Amino acid sequence: MAIRFSRPRALALCALPVLALFGTAAFAPLPFTVAQPGTTADVLGKDKGTPVITIKGAPTRPTDGKLLMTTILATAPTADIGVGDVVDSWFRTDRAVMPRDSVYPTGDSEKEIEQHNLQDMKESQNVAVDAALNYLDMKPGSVDVTLHLADVGGPSAGLFFSLGIIDKLSDDGSGGGLTGGRTIAGTGTIEADGTVGAVGGVSLKTQAARRDGATVFLVPKAECKQAKAERPEGLRLVAVTTLRSAVSSLRALDQGGSVPGC
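Number 262 marks the last residue of the sequence shown (the numbering used here); no jumps.
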């Protein structure tokens with residue numbers, strides 16, 4: 001999942017039975033990480049003054065609308081999460097308590113974890129470029145794509161990097177792009193063959209997306225149930241399984257067609 005490197009004090013609800021956390025563990029740190037909706041970034045725009053996507057060696061088209069990749073904010077791997085933190089947020093939907101090892105590699109130092117997450121992002125970017133160029137039947141050697149997004153780790157921006165590249169390099173046949181002028185958000189890993197994978201934290205990411213103006217959210221199909229459980233009002237969920245299905249759905253939305261919902 002994409003994680004902004006921040007250390008807010010967050011209080012959240014764990015899916016485990018709360019009563020099981022009491023007793024001898026009442027005052028002991030628990031092996032959890034607390035997460036909340038993070039920031040979003042428009043892959044069609046700029047990050048700290050630098051274009052997120054830069055393409056050389058091929059003509060590009062002007063884009064409209066936004067393609068927002070989404071993140072979660074997680075407490076540091078060394079943060080102490082106690083029973084009180086869990087109970088305090090029992091009725092909150094904007095926090096989640098997650099097993100620490102589902103967010104951070106086990107046994108690494110904080111610095112090593114940050115480097116690991118950044119490496120995941122770098123590898124995800126490389127694969128996203130391959131997936132987009134494969135979709136467009138373009139050879140990587142004739143097109144140079146550079147991706148820039150600071151302070152974000154993890155692989156879950158892969159789908160949106162690919163969509164951003166496609167939007168800049170191709171149109172719908174009549175000059176239009178993928179967004180139809182909308183603010184589209186979402187999440188999902190990507191493989192070079194275009195397969196979209198689940199990432200975790202999707203219910204928090206939908207909240208970040210709606211907060212930042214998105215009206216449509218692309219969800220890896222495997223995470224539809226989780227996304228529906230906390231869907232913000234006014235946000236349409238679209239299930240995707242591949243890069244091709246994501247592109248097809250976005251173009252169908254622009255033309256008033258039907259799309260696979262959650």
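Just so you know, even glycine gets a beta-carbon here, dropped at the ideal spot from N, CA and C. All of these numbers come straight from a predicted model, not from anything done at the bench.
Assuming residue i is part of the alpha helix (DSSP H), what are its boundary residues?
i	result
Ile72	Here Ile72 belongs to no alpha helix (DSSP H); instead the beta strand (DSSP E) covers 66-74.
Leu243	243-254
Ala128	110-135
Val103	100-103
For residue i and residue j, I'd like the C-alpha separation in whole angstroms.
i	j	result
Thr63	Ala227	28 Å
Pro77	Ser102	11 Å
Gly45	Val202	23 Å
Leu178	Val247	7 Å
Pro155	Leu149	12 Å
Asp94	Asp85	14 Å
Val80	Lys111	Going by the sequence as given, residue 80 is Asp instead of Val. When rounded, the distance between both Cα atoms is 17 Å.
Gln125	Leu169	17 Å
Val97	Ser109	21 Å
Asp137	Thr183	27 Å
Pro232	Lys205	10 Å
Arg92	Gly158	29 Å
Cys14	Val83	Caution applies to Cys14, whose pLDDT of 29 falls short of 50 and renders its modelled position unreliable; the value that the coordinates give is listed next. Roughly 10 Å between the two C-alpha positions.
Gly38	Leu73	5 Å
Ala192	Val129	8 Å
Gly197	Thr242	8 Å
Ala229	Gln207	12 Å
Pro31	Ile190	29 Å
Gly257	Val199	28 Å
Val34	Arg100	9 Å
Establish whether the CB of residue i and some CB of chain C are separated by less than 8 Å.
i	result
Arg95	No chain C is part of this structure, which consists of one protein chain only.
Among residues of its own chain, excluding the 5 on either side of residue i, which ones have a beta-carbon nearer than 7 Å to its beta-carbon?
i	result
Ala209	Thr40, Leu68, Thr70, Ala185, Phe217, Leu235
Arg244	Tyr135, Gly194
Gly181	Asp64, Gly65
Ala132	Ser162, Ile165, Ile166
Arg211	Pro37
With respect to the beta strand (DSSP E) encompassing residue i, which residues constitute its N-terminal and C-terminal limits?
i	result
Asp267	With the chain covering 1 to 262 only, the question about residue 267 has no answer from this structure.
Pro37	32-42
Thr54	53-56
Closer than 6 Å by C-beta to residue i: which residues in its own chain qualify, once you throw out the five before and the five after it? Chain order, please.
i	result
Ala239	Val219, Lys221, Cys224, Pro260, Cys262
Tyr104	Pro77, Ile113
Ser249	Val238, Val259
Ser142	Gly57
Considering only residues of the same chain and omitting the five flanking positions on each side of residue i, which have a CB-CB separation below 8 Å?
i	result
Thr60	Lys168, Leu169
Lys48	Ala150
Pro51	Gly45, His148
Asp144	Ile55, Lys56, Gly57
**Item:** Uninterrupted alpha helix (DSSP H) stretches inside the region 154-235 (no shorter than 4 residues)
**Value:** The region 154-235 contains these whole alpha helix (DSSP H) runs: 158-169, 202-211, 224-229.
**Request:** Could you tell me whether the region 153-167 touches the region 114-134, using the rule of 3 or more Cβ pairs below 8 Å?
**Result:** Of all C-beta pairs linking the region 153-167 to the region 114-134, three or more are shorter than 8 Å, placing the two stretches in contact.
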